[in-house]
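Engineer: Here it is, the structure, as C-alpha cells.
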Amino acid sequence: MNRLAAIIKEVRLKSKLTEKQLAKKCGLSEAYIIQIESGKKVVNEKVAENILNKLGVKLDSVYYQIEEKELPVKVKEIKEEKKEAYTPIEPTHQWADALANIIKKFPIYDIANKKVVGFKELPIIDKKIEGFHWEKLMFFQVHNDEMEALRIKRNDIITISLTKEIHNGSVYLIEVNNKRILRQLRREQNNRVVISTGVKGENPEISDLNKAKVIGKCVKVEFSL
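As numbered in UniProt numbering, residues 1 to 225 make up the sequence shown, in order.
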C-alpha cells in the first residue's frame with residue numbers, strides 16, 4: 001500500500017464512511033476504492049486529491065511531498081503460518097490537525113431541561129453533515145413517549161435542522177409557554193397551526209403561530225437497541 005492509499009483509508013475510517021459511500025461522493029466505483037485501499041491499484045496524485053477533497057482534507061496539508069512510495073513496514077516472519085505482520089501507521093501532528101477540521105464534537109441536549117446529556121462526534125464534508133449545514137444542526141434527547149405514534153420514543157436522539165418554515169406533516173421542535181416539545185405541525189389559514197402527537201383519533205391543539213415558537217425541523221431519529 002502506498003502513502004496516498006493509506007491516507008485515504010485512514011480519513012475514510014475517521015469519517016465513518018464505507019467504501020461504497022466514499023465511492024459515490026467521488027463518482028467512482030466501490031471496487032475501485034477497495035483496490036486503492038488494498039494496494040492493488042496505485043493511486044496517482046490527481047485521483048487522490050479528488051478523493052481527499054471530498055473528505056474535506058487538502059492533500060498538501062497532510063504531506064508536503066507526494067510520492068508513489070511504499071509505506072515503511074516491519075515484517076515478522078511466522079514460519080508455521082507463513083504470514084507477515086505490519087506495524088500500525090502512526091498519525092503525525094499535521095495529520096491530526098487535518099482530521100480535527102473534519103471531525104467535530106456536538107453536544108446533545110435534554111429537550112425538557114436543556115442540559116447537556118452527552119456528545120456526538122461527526123464528520124463534516126463540504127461544511128455539511130448528511131446534506132445539512134453543520135451550523136444549522138442541533139441534537140436533543142427525547143424525554144418522554146408522547147410521540148410514540150410517530151416512532152419517536154424516550155431516550156431517542158433527534159437531529160434538528162434550525163428553521164422557521166413549516167412543511168405540513170413534518171415533526172418539529174417547538175416552544176409553547178416556555179416549554180419545549182416535539183409535535184407534528186400543519187399550518188392553517190389566518191396564521192394558525194395544528195399541533196399533534198400523531199395519535200389517530202386525537203383532538204389536536206390549534207394555536208396561533210405567535211404562541212408556538214418553531215425552533216427547527218426533526219430530520220433524523222436515532223435509537224439504541
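Virtual Cβ for every residue (Gly too), placed ideally from N, Cα, C.
Only a predicted model underlies this, so the values are computations on that prediction, with no experimental measurement involved.
Near S15, what residues of its chain come up, given a Cβ to Cβ distance below 6 Å and the 5 sequence neighbours on each side ignored?
Structural biologist: One-based indexing of the sequence shown puts residue 15 at position 15. Here the set comprises L55 and P123.
Engineer: Could you give the DSSP three-state label for R183: helix, strand or coil?
Structural biologist: Along the sequence shown, one-based indexing puts residue 183 at 183. The answer is strand: DSSP assigns R183 an E or B state.
Engineer: With E121 and I103 assumed to form a contact (beta carbons below 8 Å), what rounded beta-carbon distance in angstroms separates them?
Structural biologist: To locate residue 121, count along the sequence shown from 1; it is residue 121. To locate residue 103, count along the sequence shown from 1; it is residue 103. So it is a contact: roughly 6 Å between Cβ atoms.
Engineer: Please state whether DSSP places R192 in a helix, a strand or coil.
Structural biologist: For the purposes of this step, residue 192 is taken as the residue at position 192 of the sequence shown. In the structure shown, R192 sits in a strand (DSSP, three-state: E or B).
Engineer: Would you tell me roughly how many angstroms separate the C-alpha atoms of I152 and K46, rounded to the nearest one?
Structural biologist: For this step, residue 152 is matched to residue 152 along the sequence shown. For this step, residue 46 is matched to residue 46 along the sequence shown. If I take the Cα positions, the gap works out to 45 Å.
Engineer: DSSP three-state label for S38, please.
Structural biologist: In the sequence shown, counting from the first residue as 1, residue 38 sits at position 38. Helix, per DSSP.
Engineer: Taking the CB atoms as reference points, tell me whether G198 and S161 lie closer together than 8 Å.
Structural biologist: Here residue 198 is taken as the residue at index 198 of the sequence shown, counted from 1. Here residue 161 is taken as the residue at index 161 of the sequence shown, counted from 1. In this structure, S161 does not lie closer than 8 Å to G198 by Cβ.
Engineer: Kindly list the residues whose CB is nearer than 6 Å to the CB of Y172, restricted to its own chain and excluding five residues on each side of it in sequence; keep chain order.
Structural biologist: On the sequence shown, residue 172 is found 172 positions in, with the first residue counted as 1. Closer than 6 Å at the Cβ level, and outside the excluded window around Y172, lie L185, V214 and K217.
Engineer: Ordered along the chain, which non-local residues of its own chain (more than five positions away) have a Cβ less than 7 Å from that of I195?
Structural biologist: Along the sequence shown, one-based indexing puts residue 195 at 195. Taken in chain order, the residues that qualify are R183, L185, P204, E205, S207 and A212.
Engineer: Return yes when the Cβ of V142 is within less than 8 Å of the Cβ of D156, no when it is not.
Structural biologist: Sequence index remark: in the sequence shown, residue 156 carries index 156 (1-based). Sequence index remark: in the sequence shown, residue 142 carries index 142 (1-based). Against a cut-off of 8 Å, the Cβ pair of V142 and D156 comes out as a contact.
Engineer: Between V214 and chain B, is any beta-carbon pair separated by less than 8 Å?
Structural biologist: Here there is only one protein chain, and chain B is not present.
Engineer: If you follow the beta strand (DSSP E) that K105 is part of, which residue opens it and which one closes it?
Structural biologist: Taking the first residue of the sequence shown as 1, we reach residue 105 at position 105. Note, K105: beta strand (DSSP E), I103 to D110.
Engineer: With DSSP run on the structure shown, which of helix, strand or coil describes K74?
Structural biologist: As a first step, residue 74 must be located in the sequence shown, where it is residue number 74. Per-residue confidence for K74 stands at a pLDDT of 43, beneath the threshold of 50, marking its modelled position as unreliable; no derived number is given.
Engineer: For a quick check, are the C-beta atoms of I181 and F140 less than 8 Å apart?
Structural biologist: As a first step, residue 181 must be located in the sequence shown, where it is residue number 181. As a first step, residue 140 must be located in the sequence shown, where it is residue number 140. Going by C-beta atoms, I181 is not nearer than 8 Å to F140.
Engineer: To the nearest angstrom, how far is it from the Cα of I51 to the Cα of K179?
Structural biologist: In the sequence shown, the residue the question calls residue 51 occupies position 51. In the sequence shown, the residue the question calls residue 179 occupies position 179. Each residue's Cα considered, the two are about 45 Å apart.
Engineer: What number of angstroms, rounded off, separates the C-alpha of M147 from the C-alpha of I34?
Structural biologist: Reading the sequence shown from its first residue, position 147 is the one you call residue 147. Reading the sequence shown from its first residue, position 34 is the one you call residue 34. Distance between the alpha carbons of M147 and I34 is about 42 Å.
Engineer: Which class does K213 belong to by DSSP, given the choice of helix, strand or coil?
Structural biologist: Here residue 213 refers to the residue found at position 213 of the sequence shown. Three-state result, K213: strand.
Engineer: V142 by DSSP, collapsed to three states: which one?
Structural biologist: To locate residue 142, count along the sequence shown from 1; it is residue 142. Of the three classes helix, strand and coil, the one that applies to V142 here is coil, per DSSP.
Engineer: If we count the other Cβ atoms within 10 Å of its Cβ and call it buried at 16 or more, is E222 buried or exposed?
Structural biologist: Numbered from its first residue, the sequence shown carries residue 222 at position 222. With fewer than 16 other Cβ atoms within 10 Å, it is exposed.
Engineer: So what's I7 in DSSP terms, helix, strand or just coil?
Structural biologist: Stepping through the sequence shown from its first residue, residue 7 is reached at position 7. Residue state, collapsed to three classes: helix.
Engineer: As a quick exercise: from L137, F132, L28 and K128, pick the residue whose alpha carbon is nearest that of Y109.
Structural biologist: As a first step, residue 109 must be located in the sequence shown, where it is residue number 109. For the residues L137, F132, L28 and K128, the minimum Cα distance to Y109 belongs to L137.
Engineer: Is any heavy atom in the ligand MN found nearer than 7 Å to the beta carbon of K46?
Structural biologist: With respect to the ligand MN, the structure offers nothing, as it holds no ligand at all.
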